[in-house]
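Novice:
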Amino acid sequence: SRTAEKGMPVDGPPAVEEPLLLPWDRFSSWLHCICVVGFDLELGQAVIYPHHSKLTEKEKTSICYLSFPDSNSGCLGDTQFCFRFRQAAGRKSSLGCFLDHFDRDAPVCLKRDQGYYYGYVYFRQVRDKSLKRGYFQKSLVLISKLPYVTFFHSLLKLIAPEYFEKQEPCLEAACNDIDRWPTPCPGKILTLPIMGVVMKLRIPTCYDKPGTSQLVQSALIFHSQSDSLVSIILPTVHEVDLFRCFHPVFFHIQMLWELVLLGEALVVMAPSPAESSDTVLALVSCISPLCYCSDFRPYFTIHDSEFKEYTTRTQAPPSVILGVTNPFFAKTLQHWPHIIRIGDMKQAGEMAKQMKVKKLKNLKTLDSKPGVYTAYKPFLNKDEDIIKQLQKGVQQKRPSAAQNAILRRYFLELTQSFIIPLERYVASLMPLQKSISPWKSPPQLRPFIQEEFMKTLEKAGPQLTSRLKGDWIGLYRQFLRSPNFDGWFRNRRKEMTQKLEALHLEALCEEDLQLRIQKHTEVETVDLVLKLKEKLTQAEKDQLPVKPGTLPKLQAHIESIILSLPEDLQGILHKPPSP
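Counting in the UniProt record's numbering, the sequence shown runs from 1 upward without gaps.
(1) Let's see if you can read the secondary structure: which residues bound the beta strand (DSSP E) around L198?
(2) If you drop the 5 nearest sequence neighbours on each side, which residues of the same chain put their C-beta closer than 8 Å to that of C82?
(3) Note down, in chain order, each residue of its chain lying with its Cβ closer than 7 Å to the Cβ of R180, except the 5 sequence neighbours on either side.
(4) In angstroms with no decimal places, state the Cα-to-Cα distance between S564 and E506.
(5) Less than 9 Å separating the beta-carbons of V372 and M269?
(6) Identify whether K255 lies in helix, strand or coil by the three-state DSSP scheme.
(7) Which residues in the same chain have their Cβ closer than 6 Å to the Cβ of N404, if we skip the five residues on either side of it in sequence?
(8) Can you grab the Cα-Cα spacing for the pair K209 / Q518, in whole Å?
(9) Below 8 Å on the Cβ atoms is my guess for Y376 versus H338; work out the distance and round it to an integer in Å.
(10) Rounded to whole angstroms, what is the Cα-Cα separation between R202 and R104?
(11) For my contact list, W30 and L146 are in at a C-beta cut-off of 8 Å; report their separation, rounded to the angstrom.
(12) Check this for me: beta carbons of V237 and P204, under 9 Å apart or not?
(13) Just the Cα atoms here: how many angstroms apart are I232 and L156?
(14) Answer yes or no: do P462 and P289 have a C-beta to C-beta separation smaller than 9 Å?
(15) Taking a contact to mean a Cβ-Cβ separation below 9 Å, would you say I562 touches L536 in this structure?
(16) At which residues does the beta strand (DSSP E) containing P193 begin and terminate?
(17) Between the Cα of Q389 and the Cα atoms of L171, R493, Y410, C206, which residue gives the shortest distance?
(18) Between which two residues does the alpha helix (DSSP H) harbouring M454 extend?
(19) Just grab the DSSP bridge partners of G323 for me.
(20) What are the start and end residues of the alpha helix (DSSP H) that includes R297?
(21) By alpha-carbon positions, which one of F296, S67, D113, T79 ends up nearest to Q87?
(22) Between the alpha carbons of F123 and T312, how many angstroms are there, rounded?
(23) If I measure Cβ to Cβ from K346 and keep anything under 7 Å in the same chain, skipping five residues before and after, which residues do I get?
(24) From the DSSP secondary-structure annotation, give me the bridge partner or partners of R127.
(25) Tell me whether T183 is buried or exposed, calling it buried when 16 or more other Cβ atoms sit within 10 Å of its Cβ.
(26) Out of curiosity, what's the CA-to-CA distance linking F328 and D70?
(27) At the level of alpha carbons, what is the spacing between E540 and S437?
(28) Just reading off the alpha helix (DSSP H) that C64 is part of, what are its end residues?
(29) Using 10 angstroms around the beta-carbon of R477, count the other beta-carbons present and answer buried if the total reaches 16, otherwise exposed.
(30) Give me the DSSP bridge partner(s) of Y120.
(31) Ordered along the chain, which non-local residues of its own chain (more than five positions away) have a Cβ less than 7 Å from that of G474?
(32) Return yes when the Cβ of G77 is within less than 9 Å of the Cβ of V126, no when it is not.
(33) Determine the burial state of P399: buried for a count of at least 16 other Cβ atoms within 10 Å of its Cβ, exposed for fewer.
(34) To which residues does DSSP link H338 through a beta bridge?
(35) Entirely within the segment 455–535 and at least 4 residues each: give me those alpha helix (DSSP H) ranges in chain order.
(36) Going by DSSP, which residues form a beta bridge with residue 591?
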């Protein structure tokens, strides 16, 4: 069984109990496996490392198809992109509980993806006349539940070129390196040795103030100055370059924010998987710190198992964002309400010329001009200031990192202005602390009443923090019907219910339980012990946010009550419950 030792994050979250790790546990906390997909045959063949890793045949097939750019993409040389696919039903990880404890302090959008895997791809295609296809084509793919796109792409840049030169021994060495890494604990500065260099990074926590990655960067640099090995410092593990990704549809960023916020069906048509996956990830992250709760596929192909489900015309398109490169989709998805056409991102130095939103009827082929094809009318008035600010940056050759920071800050402030009134209203649904009695069940949260919330917007709406005018009420009404609201509210309700449970436990600990049981019969005392033990087990399982020392104190209370009972009952109550 796993015993525990203390792991202390640098800041913010409380100390986390880190289990003693078995061989391959550390590797599994970062990656499910590494796949090598070769394309010498008609369908790619996947070789899996470490060799004991398990994937179903359906998962292997998905990885093979998704690791290979469509032939029309013309990706010569090296290409990096990412995809996301459904985990096979009914397969549970033996490391489930162990991995969950790293998620506790992670921001909601960086938690492990429960029903999906991410595939991070490094694809190499070079001419080779000795091969039947005339090309050497191979992908190295990292399969993980973690959405750390920047980190995994950086890791691939170190591993993949070495692998293509030295083959299998290099991958075995990389797997062994990764299995010696510390676990991905949010809040700590992590030092990850790989292939003779050291990667330095910090995974954000849910306690971080949004938009503070600059401080992290300076802390990482300071931390690295004493190293003898070459250090690669990652200022972010997950953020993509928003400005570069949105550049081709730059005039429509605010409308795109609304479409993503409302969970609208969106398809990104791009010339390559790199551009399609970057753009989809940029869309999903533009509503951060709100979590995008619908399905999204950074790179989607006609071979996907969800192809029929997502392209059927018998029902309305689902709430999903798809990134595609195959021209076939221009016809298959032309009934979709919102289509983003991305040109070649290599021309990011020029300013996008198009201004108008194009009508869907104009989209006949994938060769259409870049732009947004939709009949959607935004709820909010256009913010001309951000457009002017970014345009000025292009004219003055402002560094891309600065443009990206401006755009990220804009989206963050817009989302926060939208979400603060909801946070304020939901906080008012919490019962008063004085209503919590140790001898009654914890009180329930009041229900979320839409009209009651709408009334609060008159005095405490987004106008307090945003200068943007428009139909905010209409935007909220639409949002309250979306999967993003459903996911956000379920998460907030769970957090608040756990807080009530924690306050209830703390109230119990302050009681003189010995005095209480003097008024109880033996049967009632045994019943109380069983209920308290159940509460303690549940609190540990749910990792309730209780004050330090609460659970040991409750355990001591339970022990003292048990010792006051006859010996035969003590023996029964000390037995662990049967599984």
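All residues carry an ideal CB built from backbone N, CA and C; glycine is no exception.
Specialist: So, to answer that:
(1) Before going further, note that residue 198 is Val rather than Leu in the sequence given. That run of the beta strand (DSSP E) goes 197–202.
(2) Here the set comprises Y118, G119, Y120, V121, V149, F152, H153, S277, L281, P298, Y299.
(3) Closer than 7 Å at Cβ, skipping near neighbours: R26.
(4) Cα to Cα, the separation comes out at about 23 Å.
(5) Taking 9 Å as the Cβ cut-off, V372 and M269 do not qualify as a contacting pair.
(6) The sequence shown places Met at residue 255, not Lys. Three-state DSSP puts M255 in a helix.
(7) Counting only Cβ-Cβ distances below 6 Å, and skipping sequence neighbours, we find D241, L242, F243.
(8) Taking the straight line from one Cα to the other gives about 49 Å.
(9) Yes, Y376 and H338 are in contact; Cβ-Cβ is about 6 Å, under 8 Å.
(10) Going by the C-alpha atoms only, they are around 16 Å apart.
(11) Contact holds; Cβ gap of about 7 Å.
(12) In this structure, V237 lies near P204, with their beta-carbon atoms less than 9 Å apart.
(13) Their Cα atoms are separated by approximately 13 Å.
(14) Cβ distance not < 9 Å, so P462 and P289 don't count as in contact.
(15) With a cutoff of 9 Å on beta-carbon distance, I562 and L536 are scored as not near each other.
(16) Annotation for P193: the continuous beta strand (DSSP E) segment containing it runs 189–194.
(17) Checked all of L171, R493, Y410, C206; the closest Cα to Q389 is Y410.
(18) That run of the alpha helix (DSSP H) goes 450–460.
(19) Looking at the DSSP assignment, G323 forms a beta bridge with V268.
(20) Counting along the chain, no alpha helix (DSSP H) covers R297; the unbroken beta strand (DSSP E) around it starts and ends at 295–297.
(21) For Q87, the closest C-alpha among the options F296, S67, D113, T79 is that of D113.
(22) Looking at the backbone, the Cα of F123 and that of T312 are separated by about 31 Å.
(23) Its pLDDT being 46, under 50, K346 is placed unreliably in this model, and the coordinates cannot settle the point.
(24) As computed with DSSP, R127 is found in a beta bridge with Y135.
(25) A residue is called buried when at least 16 other Cβ atoms come within 10 angstroms of its Cβ; T183 meets this threshold and is buried.
(26) Looking at the two C-alpha atoms, the distance is approximately 11 Å.
(27) Roughly 21 Å separates the two Cα atoms.
(28) For C64, the enclosing alpha helix (DSSP H) begins and ends at 57–66.
(29) Residue environment for R477: exposed (fewer than 16 other C-beta atoms within 10 angstroms of its C-beta).
(30) According to DSSP, Y120 bridges with C82, L142.
(31) Correct list, in chain order: F379.
(32) Taking 9 Å as the Cβ cut-off, V126 and G77 qualify as a contacting pair.
(33) Under this definition P399 is an exposed residue.
(34) In the DSSP assignment, the residues bridged to H338 are L266, T374.
(35) As far as the segment 455–535 is concerned, its whole alpha helix (DSSP H) runs of at least 4 residues are 472–479, 483–509, 513–517.
(36) Nothing about residue 591 can be reported from this structure: the residues present for the chain run from 1 to 579 only.
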